[in-house]
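**Q**
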C-alpha cells in the first residue's frame, strides 16, 4: 500500500528521541509522504526545517485556535511574509493548522473567528488549500466557508461530525480527514458516517503524537500507525485496505496539487 499522512506533528518534542528512525520505518511501511503542520509562530521554522531536511516531509504553516493566547497581530504579518517568501516552493503545501474550537470554553470565539477569517484570506491570496481544526463548531465553520469561498478547498481534520455536515463540506470542495478516533468501538456515529462517505471524500491521517488508534490507548501515536489505521477503517467500511489506501492517496495528491 502507498499512503500519505495528511496531518501529523512530527516536529513536536515527543519525536525528538527517534524522529529519523520513525521516518525510516514509515518509508518501509509504505507511508511515502507526511504533512507536518505549524500551529504557532514559534514552531514554523522548526516545521520548515524538517520539511527541507526530509524528502518525504511537506510543510503547512498556520495559527491554531488552541494557542490563541500566544498569537499576536504581528504573527499574521509574519505568516504573510513566510507565505510570500515560500511562494512556489514544492515543500509548502497548505495553510494550517487553522480553525475553530468551541469545545474549550475559555477560548474567545470572536477572536477565533477573526483569526480564521484572516488566514482564509491568505489562502485565497496565495491559492493554497487549508487544513482545518473544527471541534464542536461545524455550523460556524460551514457558514464561514460559504462566505469565503476558497479556490482550492482543503481538508477538515479529524472529522467527527454528522452525515449532513459531511455533505456540506463536500459541496464546498473539502475532503474529510480520518484517523485513529474512528477506529474505537465507542465512535458509533463516526462509524455510521464512514460507511456512507464516498471514497472520493476521504483522506487518511494520524494527528501524531495524538489520537492513537484502538488498542494503543495511552501510547504516543505515530505516522507508523497509518497502515493499521487504514486497515481498521477499511474493515469498518467493508472494503479492502488497498482500496481505501489508493483512494486516500489519490485524494491527498488532488488536495495538495501533487502529480
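In our numbering, the protein residues as written are 2 to 260.
Ideal Cβ positions, reconstructed from N, Cα and C, are used throughout, including at glycine.
1) Could you tell me which residues DSSP puts in a beta bridge with residue 76?
2) Classify residue 111 as buried or exposed, calling it buried when 16 or more other Cβ atoms lie within 10 Å of its own Cβ.
3) Give every residue of the same chain whose Cβ lies closer than 7 Å to the Cβ of residue 77, excluding the five residues on either side of it in the sequence, and list them in chain order.
4) Applying the criterion that 16 or more other CB atoms from any shown protein chain within 10 Å of the CB defines a buried residue, is residue 147 buried or exposed?
5) Just reading off the alpha helix (DSSP H) that residue 145 is part of, what are its end residues?
6) Out of 42, 25, 20, state which residue places its alpha-carbon closest to the alpha-carbon of residue 70.
7) Taking 8 Å as the threshold, find out whether the region 209-217 comes into contact with the region 8-17 through three or more Cβ pairs.
8) Strictly by DSSP, which residues pair up with residue 155?
9) Using CA coordinates, which residue listed in 226, 247, 250, 180 is at the minimum distance from residue 234?
10) Here's the rule: buried if 16 or more other CB atoms are within 10 angstroms of the residue's CB, otherwise exposed. What is residue 271?
11) So residue 100 packs on residue 117, CB below 8 Å; how close in whole Å?
12) What do you get for residue 62, buried or exposed, if any count of 16 or more other CB atoms within 10 angstroms of its CB means buried?
13) Just reading off the alpha helix (DSSP H) that residue 230 is part of, what are its end residues?
14) Since I believe residue 206 is in contact with residue 139 (beta carbons under 8 Å), could you give me their beta-carbon distance rounded to a whole number of angstroms?
**A** In short:
1) Residue 76 sits at position 75 when you count from the first residue of the chain shown. Bridge partners of residue 76: none, in fact.
2) Against the chain shown, residue 111 aligns to sequence position 110. Exposed, by the Cβ-count rule.
3) The residue you call residue 77 lines up with position 76 of the chain shown. So the list reads 119, once near-sequence residues are dropped.
4) The residue you call residue 147 lines up with position 146 of the chain shown. Exposed, because fewer than 16 other Cβ atoms sit within 10 Å of the Cβ of residue 147.
5) Locating residue 145 in the chain shown gives position 144, counting from the first residue. Taken as a continuous stretch (DSSP letters only), the alpha helix (DSSP H) holding residue 145 covers 139-148.
6) Within the chain shown, numbered from 1, the residue matching residue 70 stands at position 69. The residue with the shortest Cα to Cα distance from residue 70 is 42.
7) yes
8) Along the chain shown, read from residue 1 onward, the residue named residue 155 stands at position 154. Answer is 131, 175, bridged to residue 155.
9) Translated into the one-based positions of the chain shown, residue 234 becomes position 233. Closest option to residue 234, Cα to Cα, is 180.
10) Because residue 271 is not part of the residues shown, which for the chain are 2 to 260, the question remains open.
11) The residue you call residue 100 lines up with position 99 of the chain shown. The residue you call residue 117 lines up with position 116 of the chain shown. With 8 Å as the limit, residue 100 and residue 117 qualify as a contact, their Cβ atoms being about 6 Å apart.
12) The residue given as residue 62 occupies position 61 in the chain shown. The residue in question, residue 62, is buried, as its Cβ has 16 or more Cβ neighbours within 10 Å.
13) The count along the chain shown starts at 1 and reaches residue 230 at position 229. Counting along the chain, the alpha helix (DSSP H) containing residue 230 begins and ends at 227-238.
14) Within the chain shown, the letter at position 138 stands for residue 139. Within the chain shown, the letter at position 205 stands for residue 206. With a Cβ gap of about 18 Å, residue 139 and residue 206 do not count as contacting.
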